[in-house]
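Numbering (the numbering used here), first residue to last: 8 to 516.
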Ligand code: F0G
């Protein structure tokens, strides 16, 4: 089944227009046996023919340049065009579904940095200049989700959506709520009761979203909201979860910015936490397209890091050996193995549980796309293989999150998993000390202060009205506050300042 594609004319930009004349853009089923295509203007969360996920697929003209030159001059705060100031839309020729710059939604997302992390590198046994942190917590709502939401909201506005909805472990809802309020679209959020960090909940409430605390977990919320979007047309819901292929278009730009931060040198490794697996899927698509356009001639190797308490991908990939196999996954028994593993999990009532609530997910909806990304992002040269998947337990997550904080960035627990994973792979010898690694820090540390305060003080942060404990908690980098009297001498002493010989009275102490 095939529908007439919609031709999109890429926008003229403020500077020299190096964009292609016309780019064909469609939505296409990812199962190569199906490959059904739908116009960009359709609102879909799965293929109408076979129910699989959709990609936004482009046919760039042969005249498209083999470099990132098209975005030269963009990205400056002084750029007159808002799209040029966005870290997503400055790459718009690589996500040309939007029809014209007038359609673009932006609140200044993606102005994030690839930070060279030499102190952390030294601590973890990497050579100087090799370990980098892509700090997506610097986005307007404090997580990488803003990249995707800018793209999905652009599409939502193009199709005239008036209500958007998502299930979330917190960050998707915060991002959706801020964009929806910016666009004047009603936002409805489904969150698992007690499953969301307060920093994120506070955002959804503050941005005016209708927030439904469902007596279930993320997977239950996603199943319900998907059902509403697909089967209850009268609800008029535009779904903003990462089954929405336009979300992932925006998230591709995280990889473009990593390349930009490395002066367009391709790193050896990309390490990213895995939850619903939208982010790693978007990264894989970014590199598939860059390769096919000839903008890069090699790809990094992908490492997806699960929380041990939510390690579905790890089990599927390493335990059951499920692979994309050039798309044969759907017909070679791979998908059936996934389905029977889900049935086994249900039969044993196995539910995800981790301190990294952002990635507390049983059934990652983008599993197939993630397998594709793990196949595509296989590295280069003698060290090439296939992407790798690992799991890290909660204590490890806490420890590496604290390390990221100690060396000056800070991140939320799920993001700590990427650095933990990078170190694990370094210790396994898979990552070599001289290889260039970019760990994606997906969310800001202020998203989940309870975990941070709990680590540094030993406080049970579920009831944060208690006085702080006085004993030092066990974490190696625990840095509890020191209690001190309202007294100058006591304060100076606590600071390690010698007070003998000081006339504290004369200075008002
Ligand atoms: N890190 C953070 C901070 C997240 O919020 C998420 C996902 C991930 C990593 C995993 O990314 O799902 O693309 O594999 N959070 C979603 C949410 C599920 O609802 O906010 P993924």
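Note that beta-carbon positions come from the ideal geometry of N, C-alpha and C, so glycine has one too.
All figures in this text were calculated on a predicted structure; none of them were measured in a lab.
Practice task
Would you identify the three-state DSSP class for residue 44, choosing helix, strand or coil?
Solution key: Taking the first residue of the chain shown as 1, we reach residue 44 at position 37. Residue state, collapsed to three classes: strand.
Practice task
Could you name the residues of the same chain whose beta carbon sits closer than 7 Å to that of residue 42, not counting the 5 residues immediately before and after it, in chain order?
Solution key: The residue labelled residue 42 in the question sits at position 35 within the chain shown. Counting only Cβ-Cβ distances below 7 Å, and skipping sequence neighbours, we find 35, 36.
Practice task
Excluding the 5 residues preceding and the 5 following residue 360 in the sequence, name in chain order all residues of the same chain whose CB lies nearer than 6 Å to its CB.
Solution key: For the purposes of this step, residue 360 is taken as the residue at position 353 of the chain shown. Within the same chain, Cβ atoms closer than 6 Å to the Cβ of residue 360 are found at 316, the five residues on either side in sequence being excluded.
Handout entry: Neighbourhood of residue 348 by C-beta distance below 7 Å, restricted to the same chain and skipping five residues each side
Key = Residue 348 sits at position 341 when you count from the first residue of the chain shown. Contacts found: 322, 323, 327.
Practice task
Give the secondary structure of residue 208 by DSSP, where H, G and I count as helix, E and B as strand, and everything else as coil.
Solution key: Stepping through the chain shown from its first residue, residue 208 is reached at position 201. The answer is helix: DSSP assigns residue 208 an H, G or I state.
Problem - contact_flag[the region 379-391, the region 328-339] where n(CB pairs < 8 Å) is 3 or more - result: yes
Practice task
Give a yes or no on contact between the region 129-141 and the region 158-170, applying the rule of three or more CB pairs nearer than 8 Å.
Solution key: no
Exercise for the section: Tell me whether residue 256 counts as near the ligand F0G, meaning its Cβ is closer than 7 Å to at least one heavy atom of that ligand. Expected result: Within the chain shown, the letter at position 249 stands for residue 256. Using a cutoff of 7 Å, the CB of residue 256 does not count as near the ligand F0G, since none of the ligand's heavy atoms is closer than that.
Handout entry: Spatial distance of residue 148 from residue 253 (CA atoms)
Key = If you number the chain shown from 1, residue 148 lands on position 141. If you number the chain shown from 1, residue 253 lands on position 246. Going by the C-alpha atoms only, they are around 19 Å apart.
Handout entry: Whole-angstrom distance between residue 225 and residue 364, CA atom to CA atom
Key = Counting from 1 along the chain shown, the entry for residue 364 is found at position 357. Counting from 1 along the chain shown, the entry for residue 225 is found at position 218. Computed Cα separation, rounded: 10 Å.
Handout entry: Candidates 48, 232, 374, 229, of which the one nearest residue 281 by Cα
Key = Here residue 281 is taken as the residue at index 274 of the chain shown, counted from 1. The candidate whose alpha carbon is nearest that of residue 281 is 374.
Problem - C-alpha gap between residue 61 and residue 400, whole angstroms - result: Your numbering for residue 61 matches position 54 in the chain shown. Your numbering for residue 400 matches position 393 in the chain shown. Each residue's alpha carbon lies about 32 Å from the other.
Handout entry: Distance, residue 174 Cα to residue 388 Cα
Key = If you number the chain shown from 1, residue 388 lands on position 381. If you number the chain shown from 1, residue 174 lands on position 167. When rounded, the distance between both Cα atoms is 41 Å.
Problem - Cβ contact (3+ pairs, closer than 8 Å) linking the region 43-54 and the region 231-247 - result: yes
Practice task
Check residue 539 in the structure and name its three-state DSSP category.
Solution key: No answer is possible for residue 539: it lies beyond the span of the chain, which begins at 8 and ends at 516.
Practice task
Could you tell me if residue 27 is buried or exposed, where buried requires 16 or more neighbouring beta carbons within 10 angstroms of its beta carbon?
Solution key: Looking up residue 27 in the chain shown gives position 20. Only weak support exists for where residue 27 lies, its pLDDT of 43 falling under 50; the coordinates are left without a value.
Handout entry: Any non-hydrogen atom of the ligand F0G within 7 Å of residue 277 CB
Key = Residue numbering aside, residue 277 sits at position 270 when the chain shown is read from its first letter. No - the ligand F0G has no heavy atom lying nearer than 7 Å to the Cβ of residue 277.
Handout entry: Residues of its chain near residue 258, where Cβ-Cβ distance is below 6 Å and the 5 sequence neighbours each way are ignored
Key = Stepping through the chain shown from its first residue, residue 258 is reached at position 251. Cβ neighbours of residue 258 beyond the five flanking positions: 154, 155, 286, 289.
Exercise for the section: Given a cut-off of 8 Å, decide if residue 139 and residue 118 are closer than it, judged by their beta-carbon atoms. Expected result: Here residue 118 is taken as the residue at index 111 of the chain shown, counted from 1. Here residue 139 is taken as the residue at index 132 of the chain shown, counted from 1. No, the Cβ-Cβ distance between residue 118 and residue 139 is not below 8 Å.
Problem - residue 368 beta carbon less than 8 Å from that of residue 248 - result: Translated into positions along the chain shown, residue 248 becomes position 241. Translated into positions along the chain shown, residue 368 becomes position 361. Going by C-beta atoms, residue 248 is not nearer than 8 Å to residue 368.
Exercise for the section: Give the DSSP-derived three-state secondary structure of residue 512 in the structure shown. Expected result: Translated into the one-based positions of the chain shown, residue 512 becomes position 505. Correct three-state label for residue 512: helix.
Exercise for the section: Report the residue from 129, 420, 509 whose alpha carbon sits nearest the alpha carbon of residue 312. Expected result: Sequence index remark: in the chain shown, residue 312 carries index 305 (1-based). The shortest C-alpha separation from residue 312 is found at 420.
Handout entry: Bounding residues of the beta strand (DSSP E) (the contiguous stretch that carries residue 277)
Key = As a first step, residue 277 is located in the chain shown; it is residue number 270 there, counting from the start. Counting along the chain, the beta strand (DSSP E) containing residue 277 begins and ends at 276-280.
Exercise for the section: State the Cα-Cα distance for the pair residue 471 and residue 32, rounded to the nearest angstrom. Expected result: What you label residue 471 is simply residue 464 of the chain shown in a count that begins at 1. What you label residue 32 is simply residue 25 of the chain shown in a count that begins at 1. Reliability of the predicted coordinates at residue 471 is poor, the pLDDT of 46 falling under 50, and the value obtained from them is presented with this limitation in mind. Approximately 51 Å, taken between the alpha carbons.
Handout entry: Sheet register partners of residue 37 (DSSP bridge)
Key = Along the chain shown, one-based indexing puts residue 37 at 30. Answer is none; residue 37 lacks a bridge partner.
Problem - Distance between residue 46 and residue 302 (C-alpha atoms, nearest Å) - result: For the purposes of this step, residue 302 is identified with residue 295 of the chain shown, where counting begins at 1. For the purposes of this step, residue 46 is identified with residue 39 of the chain shown, where counting begins at 1. Taking the straight line from one Cα to the other gives about 27 Å.
Practice task
Look up residue 319 in the DSSP assignment and say whether it is helix, strand or coil.
Solution key: The sequence position of residue 319 within the chain shown is 312, counting from 1. DSSP places residue 319 in helix when its eight states are reduced to three.
Problem - Neighbourhood of residue 113 by C-beta, 8 Å cutoff - its chain only, sequence neighbours within 5 removed - result: If you number the chain shown from 1, residue 113 lands on position 106. So the qualifying residues of the chain are 89, 90, 92, 93, 95, 96, 157.
Handout entry: Contacting residues, own chain, Cβ-Cβ under 7 Å from residue 437 (five flanking each side not counted)
Key = The count along the chain shown starts at 1 and reaches residue 437 at position 430. Hits under 7 Å: 395.
Handout entry: Secondary structure, alpha helix (DSSP H): runs of 4+ residues fully inside the region 392-454
Key = 401-413, 420-434
Handout entry: Cβ-heavy atom distance, residue 419 to the ligand F0G, below 7 Å
Key = Position 412 of the chain shown, counting from 1, holds the residue named residue 419. Yes, since a heavy atom of the ligand F0G falls inside the 7 Å radius drawn around the Cβ of residue 419.
Exercise for the section: In the DSSP assignment, find the beta strand (DSSP E) that holds residue 463 and state where it starts and stops. Expected result: If you number the chain shown from 1, residue 463 lands on position 456. No beta strand (DSSP E) contains residue 463, which is instead part of the alpha helix (DSSP H) from 456-464.
Problem - Validate contact between the region 260-275 and the region 183-202 using beta carbons, cut 8 Å, 3 pairs - result: no
Handout entry: Length of the line joining the Cα atoms of residue 319 and residue 152
Key = Residue 319 sits at position 312 when you count from the first residue of the chain shown. Residue 152 sits at position 145 when you count from the first residue of the chain shown. Residue 319 and residue 152: Cα-Cα distance of roughly 21 Å.
Practice task
Could you pull the start and end residues of the beta strand (DSSP E) that residue 498 belongs to?
Solution key: As a working note, residue 498 is residue 491 in the chain shown. Not the beta strand (DSSP E): residue 498 falls in the alpha helix (DSSP H), residues 495-501.
Practice task
Figure out for me which residue from 309, 238, 70, 515 has the closest Cα to the Cα of residue 291.
Solution key: Working through the chain shown from its first residue, we reach residue 291 at position 284. Checked all of 309, 238, 70, 515; the closest Cα to residue 291 is 309.
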